[in-house]
Every structure is written in C-alpha cells, then in structure tokens.
Amino acid sequence: MKNCQQSNRSAFLHFLILPSSFFLLLAGCNLAPSYHQPSVQTPPAFKETNGWKLAQPSDGVIKGKWWESFHDPQLNALEEQVAISNQNIAAALENFFAARALVKEARSGYYPTVSIDPAVSKSQAGHNAVAEGNYSAFTLPADASWELDLWDAVRNTVRADVYAAQASAATLENMKLTAQAELAVDYYELRGQDQMIQLFNDTVKAYRDSLDLTTTLYQTGIDSELDEAQADALLETTLAQAAALGIQRAQYEHAIALLVGQPASTFSLHAAPASTQPPAVPVGLPSTLLERRPDVASAERTVAEANAQIGVARAAWFPTLSLTGSAGYESTSLSSLVSPQSFFWSVGASLSETLFDAGKRKAADQQAWANYRSMAASYRQTVLTAFQQVEDNLAALRILATETQQQDVAVKASQKSLDLSMERYRLGIASYLNVIAAQETLLGNQQTAVTLRMQQMVSSVQLIMALGGGWNTSELPSSGKLVLKSSPGGK
C-alpha cells in the first residue's frame, strides 16, 4: 500500500513537472519591440558659453553637495535638512517604495499559486436515499494552479514595473534637486532683502542728516521752509519703502521653513547681508546633460516602460496555457484522514484563446503604441527644455556680470553727483531740488546693484539645477536592487 501511495504521488509530480519543463522551453518569445533610447538632436556645444568663465580643472564636475561651492555655512546647514525633513521628498520616497513593491508583485506571476482548503461536513441522508443515515466528510486538499508565461506577458510586466520604479527613483532625485535649488534661491532672495534693508537703513540715516541740515538752515534764515518740507517728505517716503521690505523678507523666511520641514511660526534666520560671490559653475558638454538630469532620466525610463507594455498588449493575441493540480486526503473518519487509503490527486491542463472580442485587443495594442509615442515625445520635450534652461541661465549670468560692472560705475557716478550737489547746496549756490534728485538717483542705482547681485546668485543656483546638480544616471537602482533589496521599516 505504501508503494502504491508513492507511485500515485510520483505520477502526480511527473505530470506537473514534465509538461511544465516542456512549455518553459517554449517560453521566452518576447513580443515587446527592441528598446532603443529615443534619438534627440544634441548640439555640439552650448551657445551662450561665449565669454563664460570656465571652472578650474580640479572643479571640472559639479559635486553631490553642490551648494557647498557657495561657501555659506548657513546655507549648508539648511540644505542638509531638506532631504530629511521636506514632506514632498518624503512623499516621493514612499512613491518609490510603492513602485518597487509593484516589481515584486509582478514577479509573483512567474510562480504557481498554491492554496489549501481543509473542510469538514456532517450530513443526514433521507429515508429514501441509497445510503440512509448520518455520515461525516473530512478533506485536507492542496490545490495548485500555474499560468505559463509563454509569450512573456509576465516578464514584460516585470520589465515595465522595473522601468517605472527606476523612473520613480529619478523623480525622487529630481524632487530633492528641485527642493534644494528652491531653498538656495529663497535663501539668496532673503539675503538680498537683508542687503536691501541695510541699504535703506543707511539711506534713512543720510536723509535724516539732510533734514537736520535743511532745518538748521531754515531756522537761521538761510534756507526756505519748502526745502525743509521736501527733505521731510523724502525721508518719510523712504521710511515707508523700508518698512515694506520686511514683508518679502518674512515670506522668504516662511518659504525656507516649509522647505526644511519646520513650522513657519518657530523658524527664523538672523539678518545677514549676502557677501559671497557666484561660483564658477562647470558646464560640460550638452551630450552629458542627458545623463546628468534626473527629470530627463525619469522621462527616458518612462519611454522604456511604455515599450515593455507593448509586449504585454501583444501577448493577449496568443493562447494561454494553465496547469492545475490537486492532492490531499479525504475520509469519512478523522482518525483515518491521513492514511494511504485516503490520499487522492488530480491534475489537468487547459488551453484558452479568445476568438472574438469586438476589437478589444487591437484597441489595447494601438493604445500601447500611442502611449509609447507620447512618452517618446515627452522625453524629447524634456531634453529640449533642459537645453533651454541651461542656455537661459548661461546667458543670464554672462549678461548680469557685465550689467553689474556697469551698475557699479553708475553707483560711483551717482555718489559723486550727490556729493557735489550737497556741497553746492551748503555753499548756497544750488537749489535743494538738485540734492533730492541726486539722492533719489543714488538710491535707485544702489537698489539696482543689490538686485543684480542677488540675481547673479539665483541664476548660479538655477544653472546648477539645470545641469543636474551633480546627479548621474549611474545612481539609478538596478533591477536586482529593486527586486531583492527591502526597504527600511518593512516598506
């Protein structure tokens, strides 16, 4: 009897293994098109680098912590908090974990599904039944089913999910880069406001001195009441403008608090006018831009995902083969349930093919191709946008450097004009209106100079962001890491 049981089990296993091995040999017919990265016209060089100050050879690439090139300890401390505390980055990280879990879920399609379904029942037969009386039934079955991946539908689904997870990882890196760059921009906008506030504070002090002078001259009968009123009006107007500067500074401070994941009510930065100069940013060649921008990498991985989905759609045109098997014990007595006489097994195979679906599969195939072409177009648009952003900021920095130099000359000329007007006013040979005009011109030029320097810092940050911020596609997780590596906290 024992040999009989072993024979039954062997037959069951051979039925499952041999056909499975045969059909696995047939598998591997990948119906997805061979993937090639969409072609994009890449310029040989950036146009706006004419006259650009090149970085030294030792600084030929942007480092990972690119913000350290600005040599600002306060900015460095804030940037370190972004990747840890920013909630948008935290959400993007969870999206990546979810995309990685989808890869593992798709891989489960490679294997059979096994389930057990133990049951017990008690029945009472009727008086007219063939077997009258009470009886019990105990079953302990194990069922297995396996749909063979003959046409790589599962394999292409796994590929698509791997590409989607890689795109999600690149999106996460782009989210980090965006938040880090936004923080640096807001930081230098705030420092620009600090410098502007200091300028207005110095100007208010100078205007008070001018008002004191006109008041003294008026009281001594040398000057007129009109000149005193004009000096007072200019002072009060400037005080109002200085007060308004605090609104923007507060808003930048609140924006920085949000980026570092802190409540705006408990976050503050001490006033400290910016004193750093824009760093020399290594630009490199346009062809390397495709490997250095995480948003470009994300768009490219999305194209690869769409390409794999074409294979999934094509597989629906072919028949599916499923193997099923069941084995276990069945008895009317619990004491004899697990015994050779109670063992049973059954195996089977089924082949199914859709003969008519009113164009459903054809539409799905067309949709997959259209989605691929759409993603390819989006990828090319992302690349073109990347080139534009680099060129925009190169041009801005080059022109701002020239404009700043010219503006510094204008500030010196305005200061000289004010000094001469004030001296002539003191000597009584010029009207105070000349002094007011010179004061307003000087303040306007000084404001422009502060704004231009702030724009230089902002454009430097934006150029680094446009160049990818030191990221590289080699940092994308491989398919092996996506499948095997578990996330922290059981994620």
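Each residue of the sequence shown is one higher than the one before, starting from 406 at the first, in my numbering. Even glycine gets a Cβ: it sits at the ideal position worked out from N, Cα and C.
*Can you tell me the Cα-Cα spacing of Ser528 and Ser738, whole angstroms?*
Position 123 of the sequence shown holds residue 528. Position 333 of the sequence shown holds residue 738. Rounded to the nearest angstrom, the two C-alpha atoms are 13 Å apart.
*What is the DSSP secondary structure of Ala660, reduced to helix, strand or coil?*
Residue mapping note: residue 660 aligns to position 255 of the sequence shown, counting from 1. Helix.
*With 9 Å set as the bound, which would you pick, yes or no: does the beta-carbon of Arg560 sit closer than that to a beta-carbon of chain B?*
No chain B appears in this structure, which consists of one protein chain only.
*Under 9 Å, do Gly875 and Leu694 count as touching if we go by C-beta distance?*
Residue mapping note: residue 875 aligns to position 470 of the sequence shown, counting from 1. Residue mapping note: residue 694 aligns to position 289 of the sequence shown, counting from 1. Not a contact, by the Cβ cut-off of 9 Å.
*Going by beta carbon distance, what residues of the same chain come within less than 6 Å of Leu480, once the five residues before and after it are set aside?*
Locating residue 480 in the sequence shown gives position 75, where the first residue counts as 1. These residues qualify, in order along the chain: Trp472 and Tyr592.
*Specify, as a first and last residue, the run of the alpha helix (DSSP H) that Ala575 falls within.*
Taking the sequence shown and counting its residues from 1, one reaches residue 575 at position 170. Where Ala575 is concerned, the enclosing alpha helix (DSSP H) stretches over Ala558 to Gln624.
*Any idea if Gln585 is buried or exposed, counting beta-carbon neighbours within 10 angstroms, 16 or more meaning buried?*
Taking the first residue of the sequence shown as position 1, residue 585 is located at position 180. Classification of Gln585: buried, given that the 10 Å Cβ count is 16 or more.
*CA-to-CA distance, Gln820 to Val487, given in whole angstroms*: For the purposes of this step, residue 487 is identified with residue 82 of the sequence shown, where counting begins at 1. For the purposes of this step, residue 820 is identified with residue 415 of the sequence shown, where counting begins at 1. Computed Cα separation, rounded: 42 Å.
_N-terminal and C-terminal residue of the alpha helix (DSSP H) that Ile804 is part of_ = Here residue 804 refers to the residue found at position 399 of the sequence shown. Its alpha helix (DSSP H) spans residues Lys765 to Arg831.
*Counting Cβ pairs, one atom from each stretch, are 3 or more of them under 8 Å apart for the region 553–560 and the region 745–754?*
no
*Excluding five sequence neighbours on each side, which residues of the same chain lie with their C-beta closer than 6 Å to the C-beta of Glu760?*
Mapped onto the sequence shown, residue 760 falls at position 355. Per the sequence presented here, residue 760 reads as Leu, with Glu not at that position. Contacts found: none.
*How long is the line joining the alpha carbons of Tyr612 and Leu622, rounded to whole angstroms?*
Reading the sequence shown from its first residue, position 207 is the one you call residue 612. Reading the sequence shown from its first residue, position 217 is the one you call residue 622. Roughly 15 Å separates the two Cα atoms.
*In three-state DSSP terms, what is Thr447?*
Translated into positions along the sequence shown, residue 447 becomes position 42. Note: Thr447 maps to coil in three-state DSSP.
*Which value, in whole angstroms, describes the spacing of the CA atoms of Ala503 and Arg512?*
As a first step, residue 503 must be located in the sequence shown, where it is residue number 98. As a first step, residue 512 must be located in the sequence shown, where it is residue number 107. Answer to the nearest angstrom: the Cα atoms are 15 Å apart.
_I need the straight-line Cα distance from Leu887 to Tyr777, nearest angstrom please._
Within the sequence shown, numbered from 1, the residue matching residue 887 stands at position 482. Within the sequence shown, numbered from 1, the residue matching residue 777 stands at position 372. If I take the Cα positions, the gap works out to 23 Å.
*Measure the beta-carbon distance from Met780 to Ala685 and round it to whole angstroms, keeping in mind my assumption that it falls under 8 Å.*
Position 375 of the sequence shown holds residue 780. Position 280 of the sequence shown holds residue 685. By a beta-carbon distance limit of 8 Å, Met780 does not contact Ala685. Their separation comes to about 37 Å.
*Determine contact between the region 557–576 and the region 695–709, defined as no fewer than three beta-carbon pairs at a distance below 8 Å.*
yes
*Considering Gly716, what are the terminal residues of the beta strand (DSSP E) in which it resides?*
Here the question's residue 716 lines up with position 311 in the sequence shown. Taken as a continuous stretch (DSSP letters only), Gly716 belongs to no beta strand (DSSP E), being part of the alpha helix (DSSP H) at Pro699 to Ala720.
*Going along the chain, which residues of its own chain have a beta-carbon closer than 8 Å to the beta-carbon of Ala677, five neighbours each way excluded?*
Taking the first residue of the sequence shown as 1, we reach residue 677 at position 272. So the list reads Gln479, Arg596 and Asp599, once near-sequence residues are dropped.
_From Gly849, Val525, Glu796 and Tyr568, residue whose alpha carbon lies closest to that of Pro882_ = Counting from one through the sequence shown, the residue named residue 882 turns up at place 477. Out of Gly849, Val525, Glu796 and Tyr568, Tyr568 has the C-alpha closest to the C-alpha of Pro882.
*Take the Cβ of Arg719 as the centre, count every other Cβ of all protein chains shown within 10 Å, and call the residue buried at 16 or more, exposed below.*
Position 314 of the sequence shown, counted from the start, is the residue given in the question as residue 719. Arg719 comes out buried.
*For the alpha helix (DSSP H) holding Phe501, just list the boundary residues, first then last.*
Start at 1 with the first residue of the sequence shown, and residue 501 comes out as number 96. Where Phe501 is concerned, the enclosing alpha helix (DSSP H) starts and stops at Gln492 to Arg512.
*Please confirm whether any heavy atom of the ligand FMN lies closer than 8 Å to the CB of Ser747.*
In the structure shown, the ligand FMN is absent, as is every other ligand, since no ligand is present at all.
*For Gly689, which option in Thr856, Ser727, Val795 and Ser783 has the closest C-alpha, if you only look at C-alpha atoms?*
Sequence index remark: in the sequence shown, residue 689 carries index 284 (1-based). Here the closest residue by C-alpha is Val795.
*So, do the region 793–811 and the region 849–866 have three or more beta carbon pairs nearer to each other than 8 Å?*
yes
*asked:* Check this for me: beta carbons of Pro448 and Phe792, under 9 Å apart or not?
replied: Counting from 1 along the sequence shown, the entry for residue 448 is found at position 43. Counting from 1 along the sequence shown, the entry for residue 792 is found at position 387. Yes.
*Starting from Ala854, follow the alpha helix (DSSP H) in both directions and report where the run begins and ends.*
Position 449 of the sequence shown, counted from the start, is the residue given in the question as residue 854. Start and end: Tyr837 to Ala871.
*asked:* Tell me the residue span of the beta strand (DSSP E) that contains Tyr734.
replied: On the sequence shown, position 329 is the one that residue 734 refers to. Run containing Tyr734: Thr725 to Ser736, per the beta strand (DSSP E) assignment.
_Alpha-carbon to alpha-carbon, Pro724 and Ala732_ = By 1-based counting over the sequence shown, the position of residue 732 is 327. By 1-based counting over the sequence shown, the position of residue 724 is 319. Those two C-alpha atoms are separated by around 27 Å.
*Nearest-angstrom Cα distance between Thr790 and Tyr784?*
Here the question's residue 790 lines up with position 385 in the sequence shown. Here the question's residue 784 lines up with position 379 in the sequence shown. C-alpha separation (whole angstroms): 10 Å.
*beta strand (DSSP E) segment containing Gly753, residue limits*: Reading the sequence shown from its first residue, position 348 is the one you call residue 753. It spans Phe748 to Ser757 - the beta strand (DSSP E) in which Gly753 sits, taken as one unbroken run.
*Under a Cβ-count criterion, where at least 16 other Cβ atoms within 10 Å of its own Cβ denotes burial, should Gly885 be classed as buried or exposed?*
Numbered from its first residue, the sequence shown carries residue 885 at position 480. With fewer than 16 other Cβ atoms within 10 Å, it is exposed.
*Helix or strand or just coil, what does DSSP make of Val525?*
Position 120 of the sequence shown, counting from 1, holds the residue named residue 525. If DSSP states are grouped into helix, strand and coil, Val525 belongs with the strands.
*Whose CA, out of Asp617, Gly849 and Leu483, lies closest to the CA of Lys817?*
The residue labelled residue 817 in the question sits at position 412 within the sequence shown. With distances taken between Cα atoms, Lys817 lies closest to Gly849.
*Count the other C-beta atoms from every protein chain shown that fall within 10 angstroms of the C-beta of Tyr830, then say buried if there are 16 or more, exposed otherwise.*
Translated into the one-based positions of the sequence shown, residue 830 becomes position 425. Label assigned to Tyr830: buried.
_Considering only their Cβ atoms, is the gap separating Ala647 from Thr671 smaller than 9 Å?_
Mapped onto the sequence shown, residue 671 falls at position 266. Mapped onto the sequence shown, residue 647 falls at position 242. Result no, Cβ atoms of Thr671 and Ala647 do not sit closer than 9 Å.
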